[in-house]
Amino acid sequence: MNGEDTSSELSTGLEFAGHALSRASLDACVKCTICETQCPVAAVTPLFSGPKFVGPQAERFRNGESVDHSLDYCSSCGTCTLVCPQGVQIAELNSQARAVMKVGHMPLRDRLIGQTVLMGTLMTPVAPLARAVLNNKPLRKVMEVVVGVHADAPMPPPQSQTFESWFAKRPTPAGPFPRGAVVFFHGCAGGYFEVETSKKSVEVLERLGFEVLVPKQGCCGLAQQSNGLFKQASASVLKLCDDLRTAGKDLTIISSSGSCTGMLKHEASEIMGVDDERLRDVGTRTRDIMEFLLDLHEAGELPTDFATVEMTVPYHAPCQLKSQGIGKPALEVLRLIPGLTVVDSNATCCGIAGTYGLKKEKYEVAQAVGKPLFDMVKATNPELALCDTETCRWQIEQSSGVKTEHPIWMIHKAYGLS
Amino acid sequence: MSRVVVIGAGLAGLVAANRLAEAGVQVVLLHKGLGGLQLGQGTIDVFGYAPARVSNPIKAVGSVATTHPYAAIGAKAVLTGVDYLKKLLPELLLGDPESNYQLPTAVGAIRPTCLAQPSMIAGHVTDGAKLVIVGIRGLKDFQPQLVAENLARTPLPDGGRLRARHLWVDVPARDGEVDSSGLTYARAFDDETFRVRFAKAVVGQLREDEIVGLPAVLGLKDLHAWRDLAGKLGHRVFEIPLPPPSIPGLRLSEALTARALAAGVRIVPGVRTVGYASSGDRVTSVTTAAGLGGRSYTADAFLLATGGFESGALNLDSHQVVRETLFNLPLAGLDQTPLIHGEYWGPEQPLFKVGVAVNPKMQAVDAAGIPVFANLYAAGGIIAGASGWTEKSGDGIALASAIVAAAAISKELA
Chain G
0 MNGEDTSSEL
10 STGLEFAGHA
20 LSRASLDACV
30 KCTICETQCP
40 VAAVTPLFSG
50 PKFVGPQAER
60 FRNGESVDHS
70 LDYCSSCGTC
80 TLVCPQGVQI
90 AELNSQARAV
100 MKVGHMPLRD
110 RLIGQTVLMG
120 TLMTPVAPLA
130 RAVLNNKPLR
140 KVMEVVVGVH
150 ADAPMPPPQS
160 QTFESWFAKR
170 PTPAGPFPRG
180 AVVFFHGCAG
190 GYFEVETSKK
200 SVEVLERLGF
210 EVLVPKQGCC
220 GLAQQSNGLF
230 KQASASVLKL
240 CDDLRTAGKD
250 LTIISSSGSC
260 TGMLKHEASE
270 IMGVDDERLR
280 DVGTRTRDIM
290 EFLLDLHEAG
300 ELPTDFATVE
310 MTVPYHAPCQ
320 LKSQGIGKPA
330 LEVLRLIPGL
340 TVVDSNATCC
350 GIAGTYGLKK
360 EKYEVAQAVG
370 KPLFDMVKAT
380 NPELALCDTE
390 TCRWQIEQSS
400 GVKTEHPIWM
410 IHKAYGLS
Chain D
0 MSRVVVIGAG
10 LAGLVAANRL
20 AEAGVQVVLL
30 HKGLGGLQLG
40 QGTIDVFGYA
50 PARVSNPIKA
60 VGSVATTHPY
70 AAIGAKAVLT
80 GVDYLKKLLP
90 ELLLGDPESN
100 YQLPTAVGAI
110 RPTCLAQPSM
120 IAGHVTDGAK
130 LVIVGIRGLK
140 DFQPQLVAEN
150 LARTPLPDGG
160 RLRARHLWVD
170 VPARDGEVDS
180 SGLTYARAFD
190 DETFRVRFAK
200 AVVGQLREDE
210 IVGLPAVLGL
220 KDLHAWRDLA
230 GKLGHRVFEI
240 PLPPPSIPGL
250 RLSEALTARA
260 LAAGVRIVPG
270 VRTVGYASSG
280 DRVTSVTTAA
290 GLGGRSYTAD
300 AFLLATGGFE
310 SGALNLDSHQ
320 VVRETLFNLP
330 LAGLDQTPLI
340 HGEYWGPEQP
350 LFKVGVAVNP
360 KMQAVDAAGI
370 PVFANLYAAG
380 GIIAGASGWT
390 EKSGDGIALA
400 SAIVAAAAIS
410 KELA
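So the protein lines, in turn, are chains G and D.
Residue 0 is where the first sequence starts when you use numbering that gives the first Met the number 0, and the numbers rise one by one after that.
Residue 0 is where the second sequence starts when you use numbering that gives the first Met the number 0, and the numbers rise one by one after that.
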């Protein structure tokens, strides 16, 4: 909150794309409109003119700031890039253009909500109080007016113990670990708020015979990146790479924070243009935990002695997972559990898109984007839904009233660990 | 369980994936973006011009030169494919392989096609028909006067003429927008309250016995929206496809994708397949570019359904060298020079017949007819020997080559 979003950002090469290749890719746009047909935001509001207009078209006219300010309504869900048959990095172009547009008038809120470590550090010691505050309607109304975070928007659930503290204090696991070591990257949410998901991930990995190393680690900078604070986010992601590299060379890095893995795998390089050997090293070693389990299965190395779980459960693949180009690994792995019927939401987006759906001026749009998903979840199983990323889970849970957990919860249960 | 990797999500890739999954094969479908189906008209062209207008498409399929893809594919596979799609998507495709529909286009021309959506059929041109073409003020991609006047002055393929007039209505698709895309209108038509409002604006302007032509935006998810609107109007109604975003194309693409997913096909979207590994005469895996790393997919067989120049499956460089961009396969059709002549309105450019040669199993073959790899097959636009858009044969080639390739792969892996 030191006002770093001002002129210093421009001097770091933000006038145009952080990544020159993104900008070059706009020439491949043939205006086929496929991105327009899949954009979840343009579908529900005329306030956003759509990814093609705002992206490759407006980019041609951009000299510094974008000519199309409806750009601010892009949620950066990345669907346009995913569906483009010509390889145009539409979402990346839009994220870059928005970062430029916000230089000099970055709202305080957008700087605050990128401070995920700070939020966790402040809330954990006073978790019951923080929970009470976040659930208090009048206080949330005040927060909406003062900060601009919608009173009904989902908030991270404060926990009394961090993952780090649990990991350090628990009895040392006996092993054996015949499969060697892996590094666990918990992410901020997995460290402070979604602690149970991180614990279960570690326990599943240990059950499979891996020794789990957890180096001290900071934030990947994703929330700052999605709010256009590229300078801080680039520093964060490289610091994180250093942190993760301390655990050992060539080890697989596994995470149950689906969006943070996306930051390491491609967003830092493709959106912010971070070109650094440390990022390449970490990015190529990083695996989403369900992706890792599917890899094991395909290699014939995943024990499938799962207990029967008689249940029908909706599963939603988050945008930031889909953007990693790995399909929907959780779906494949969950389908190995006997008795379990997993129903793919096939929904494009839940609406939250990181921090987009929290913002008071975007809240209604985000709710409209997610509505078909919320309806599907409620109709499929009013007790439980599965989804790989934190903010999406909070959004689904808040808007549908259905408890939403990471798919690893189901694997943990089916292995008899819970 | 055997595994097949299909690359490409156009008509060929989706049909092959469905057929293979139905045959009990595990299918991974890789695509670098959504396929071209949703850019098309949402119909299945089998043979439209040979080069004269075709009325019996399957007969035209049986009469092609030996270099044409249909020669290797065979008319039987085309019939199988047409029958398969009609049974798979009964709410979306109707038609007879022995008789083309002749349907009005968005510029008022008359286009031959084999299978069309039920919402288009009432537009099949007949002598003496009375048409009224309805434009919507907020939808700039559809000019009803152009359509009506061109149709009215055109002698029909089977002789005779029709009568056509036009009218406009002004019913916004949603508040806060004056210039809506066809997609926004299609979503509005999914909603019955919008259809009621729309019908109210139109019905008073209709004359007895008129058939009502509308832009093809009559519902995206609700495949009966057009029928409901016809009921509300008390007139027969037909849709005229628009330039992209094509709603009938989207319906087809979404329906085939949904069926593939239901059949257990694993789809990995948004990844460009950039490399492969082989051992002896077999491809063992392909590699996709995904972020900073890449991922490999091993399989027992591979189907290349990547399209042509328009999708980057074929590439022409500044030295006039044409390449197939994934496997660097040998290409057919390069012997004609120049590949591109300078006459823009002149005869067809030879370049567009360049592609991969296939044998009757749809294995990619070299100039001597030998398979390049024993387990590498090709389907759709990548196959050499036809210009799909001038003949209006691209859908039929994609469909039938996918049928043949899927059958050959299933047999090989059994």
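C-beta atoms are modelled at their ideal positions from N, C-alpha and C, and glycine is treated no differently.
Note that the coordinates shown come from a computational prediction; the quantities given were computed from them, not determined experimentally.
Thinking C-alpha only, which one of D:Ala215, D:Val273 and D:Tyr100 is nearest Gly293 of chain D?
The count along the second sequence starts at 1 and reaches residue 293 of chain D at position 294. The alpha carbon of Gly293 of chain D has as its nearest neighbour, out of D:Ala215, D:Val273 and D:Tyr100, the alpha carbon of D:Val273.
Can you give me the start and stop residues for the beta strand (DSSP E) that Ile109 of chain D sits inside?
Position 110 of the second sequence, counted from the first residue, corresponds to residue 109 of chain D. Ile109 to Thr112 is the span of the beta strand (DSSP E), which, as asked, contains Ile109 of chain D.
Best match in D:Pro337, D:Ala413 and D:Val282 for proximity to Gln362 of chain D [C-alpha to C-alpha]
Taking the first residue of the second sequence as position 1, residue 362 of chain D is located at position 363. Put simply, of D:Pro337, D:Ala413 and D:Val282 the residue whose alpha carbon is nearest the alpha carbon of Gln362 of chain D is D:Val282.
Using a C-beta to C-beta distance shorter than 9 Å, which residues of chain G count as neighbours of Ser295 of chain D?
On the second sequence, residue 295 of chain D is found 296 positions in, with the first residue counted as 1. Neighbours of Ser295 of chain D on chain G: none; closest Cβ ~10 Å, over 9 Å.
Report the residues of the stretch 75-86 of chain G with a CB closer than 8 Å to any CB of chain B, ordered along the chain.
In summary, chain B is missing from the structure at hand, where the protein chains are G and D.
Three-state secondary structure (DSSP) at Met375 of chain G?
Here residue 375 of chain G refers to the residue found at position 376 of the first sequence. Helix.
How many angstroms separate the CA atom of Ser268 of chain G from the CA atom of Thr283 of chain G?
To locate residue 268 of chain G, count along the first sequence from 1; it is residue 269. To locate residue 283 of chain G, count along the first sequence from 1; it is residue 284. Straight-line measurement puts the Cα of Thr283 of chain G at about 12 Å from the Cα of Ser268 of chain G.
What does Gly122 of chain D reach in chain G if we use C-beta pairs closer than 8 Å?
Locating residue 122 of chain D in the second sequence gives position 123, where the first residue counts as 1. Chain G residues near Gly122 of chain D: none, gap ~23 Å exceeds 8 Å.
Does any CB atom of chain G fall closer than 9 Å to the CB of Ile210 of chain D?
Along the second sequence, one-based indexing puts residue 210 of chain D at 211. Not one chain G Cβ lies under 9 Å of Ile210 of chain D.
Could you check where the alpha helix (DSSP H) with Ile410 of chain G kicks off and where it finishes?
As a working note, residue 410 of chain G is residue 411 in the first sequence. Segment Ile407 to Ala413, the alpha helix (DSSP H) holding Ile410 of chain G.
Quick one: which residues of the stretch 325-342 of chain G get their C-beta closer than 7 Å to a C-beta of chain D? List them in chain order.
For chain D, the residues of the stretch 325-342 of chain G that bring a beta carbon within less than 7 Å of one of its beta carbons are Ile325, Gly326 and Glu331, in chain order.
Val213 of chain G versus G:Leu221, G:Phe184 and G:Asp241, residue with shortest Cα-Cα distance
Position 214 of the first sequence holds residue 213 of chain G. Nearest C-alpha to Val213 of chain G: G:Phe184.
Using a C-beta to C-beta distance shorter than 8 Å, which residues of chain D count as neighbours of Lys264 of chain G?
One-based indexing of the first sequence puts residue 264 of chain G at position 265. Think of a sphere of 8 Å around the beta carbon of Lys264 of chain G: the chain D residues whose beta carbon falls inside it are Ala289, Gly290, Leu291 and Gly292, in chain order.
Close Cβ partners of Lys327 of chain G (< 6 Å) along its chain, the five nearest in sequence each way excluded
Along the first sequence, one-based indexing puts residue 327 of chain G at 328. Correct list, in chain order: Ala316.
For Gln37 of chain G and Cys79 of chain G, I'd like the C-alpha separation in whole angstroms.
On the first sequence, position 38 is the one that residue 37 of chain G refers to. On the first sequence, position 80 is the one that residue 79 of chain G refers to. Their backbone Cα atoms lie some 7 Å apart in a straight line.
Could you tell me the boundaries of the beta strand (DSSP E) in which Trp167 of chain D lies?
Working through the second sequence from its first residue, we reach residue 167 of chain D at position 168. Where Trp167 of chain D is concerned, the enclosing beta strand (DSSP E) starts and stops at Arg162 to Val168.
Assuming Gln394 of chain G and Cys349 of chain G make a contact with CB atoms under 8 Å, what is their CB distance in whole Å?
Mapped onto the first sequence, residue 394 of chain G falls at position 395. Mapped onto the first sequence, residue 349 of chain G falls at position 350. With 8 Å as the limit, Gln394 of chain G and Cys349 of chain G qualify as a contact, their Cβ atoms being about 5 Å apart.
Tell me the rounded alpha-carbon separation between Gly47 of chain D and Thr196 of chain G.
One-based indexing of the second sequence puts residue 47 of chain D at position 48. One-based indexing of the first sequence puts residue 196 of chain G at position 197. Each residue's Cα considered, the two are about 58 Å apart.
Taking the straight line between their C-alpha atoms, what separation do you get for Leu350 of chain D and Thr245 of chain G?
Start at 1 with the first residue of the second sequence, and residue 350 of chain D comes out as number 351. Start at 1 with the first residue of the first sequence, and residue 245 of chain G comes out as number 246. Between Leu350 of chain D and Thr245 of chain G, the C-alpha separation is close to 55 Å.
Local conformation of Val267 of chain D per DSSP, three classes
Taking the second sequence and counting its residues from 1, one reaches residue 267 of chain D at position 268. Strand at Val267 of chain D.
For the beta strand (DSSP E) holding His149 of chain G, just list the boundary residues, first then last.
Position 150 of the first sequence, counting from 1, holds the residue named residue 149 of chain G. Looking at the DSSP string, His149 of chain G is not in any beta strand (DSSP E), and its letter there is neither H nor E.
In or out: Leu330 of chain G buried (at least 16 other Cβ within 10 Å) or exposed?
As a position in the first sequence, residue 330 of chain G is number 331, starting the count at 1. The residue in question, Leu330 of chain G, is buried, as its Cβ has 16 or more Cβ neighbours within 10 Å.
Against chain D: residues of the stretch 142-168 of chain G by CB proximity under 9 Å:
Under the 9 Å Cβ criterion, the stretch 142-168 of chain G contributes no residue.
If you reduce the DSSP assignment to three classes, tell me which class Pro243 of chain D lands in.
Looking up residue 243 of chain D in the second sequence gives position 244. DSSP, read as helix, strand or coil, puts Pro243 of chain D in coil.
Nearest by alpha-carbon distance to Cys113 of chain D: which of D:Ala128, D:Ile132, D:Leu228 and D:Asp82 is it?
As a working note, residue 113 of chain D is residue 114 in the second sequence. Of the listed residues, the one whose Cα sits closest to Cys113 of chain D is D:Asp82.
Straight-line CA distance for Leu301 of chain G to Glu309 of chain G?
Locating residue 301 of chain G in the first sequence gives position 302, where the first residue counts as 1. Locating residue 309 of chain G in the first sequence gives position 310, where the first residue counts as 1. Spanning the alpha carbons of Leu301 of chain G and Glu309 of chain G requires a straight line of approximately 21 Å.
Cβ closer than 8 Å: which chain G residues qualify as neighbours of Gly34 of chain D?
Stepping through the second sequence from its first residue, residue 34 of chain D is reached at position 35. In chain order: Pro84.
What is the C-beta distance between Val357 of chain D and Ile382 of chain D, in whole angstroms, given that I count them as a contact (C-beta under 8 Å)?
Sequence index remark: in the second sequence, residue 357 of chain D carries index 358 (1-based). Sequence index remark: in the second sequence, residue 382 of chain D carries index 383 (1-based). Yes, Val357 of chain D and Ile382 of chain D are in contact; Cβ-Cβ is about 6 Å, under 8 Å.
Thinking C-alpha only, which one of G:Val181, G:Asp241 and G:Gln231 is nearest Leu250 of chain G?
Residue 250 of chain G sits at position 251 when you count from the first residue of the first sequence. Looking at the Cα atoms, G:Val181 is the closest of the given residues.
Ignore the nearest five residues each way along the sequence and tell me which others in Pro370 of chain D's own chain have a CB closer than 6 Å to its CB.
By 1-based counting over the second sequence, the position of residue 370 of chain D is 371. Excluding sequence neighbours, Pro370 of chain D sits near Gln362 and Val364.
Tell me whether Pro337 of chain G is buried or exposed, calling it buried when 16 or more other Cβ atoms sit within 10 Å of its Cβ.
Residue numbering aside, residue 337 of chain G sits at position 338 when the first sequence is read from its first letter. Residue environment analysis places Pro337 of chain G among the exposed positions, since fewer than 16 neighbouring C-beta atoms fall within 10 angstroms of its C-beta.
3-residue-minimum beta strand (DSSP E) runs that sit fully inside the stretch 45-117 of chain D, ordered along the chain
Qualifying beta strand (DSSP E) stretches, in chain order: 100-103 and 109-112.
Check whether the Cβ atoms of Gly400 of chain G and Pro381 of chain G lie closer than 9 Å to each other.
In the first sequence, counting from the first residue as 1, residue 400 of chain G sits at position 401. In the first sequence, counting from the first residue as 1, residue 381 of chain G sits at position 382. Pairing Gly400 of chain G with Pro381 of chain G gives a Cβ-Cβ distance under 9 Å.
Closest residue to Ser278 of chain D among D:Ser400, D:Val133, D:Ser180 and D:Ala373 (Cα-Cα distance)
Indexing the second sequence from 1 puts residue 278 of chain D at position 279. Comparing Cα positions, the closest option is D:Ala373.
Continuous alpha helix (DSSP H) stretch holding Phe209 of chain G: start and end:
On the first sequence, position 210 is the one that residue 209 of chain G refers to. Here Phe209 of chain G belongs to no alpha helix (DSSP H), and DSSP marks it neither H nor E.
How many Å lie between Ile402 of chain D and Val211 of chain D at the Cα?
The sequence position of residue 402 of chain D within the second sequence is 403, counting from 1. The sequence position of residue 211 of chain D within the second sequence is 212, counting from 1. If you take the alpha carbons of Ile402 of chain D and Val211 of chain D, they lie about 37 Å apart.
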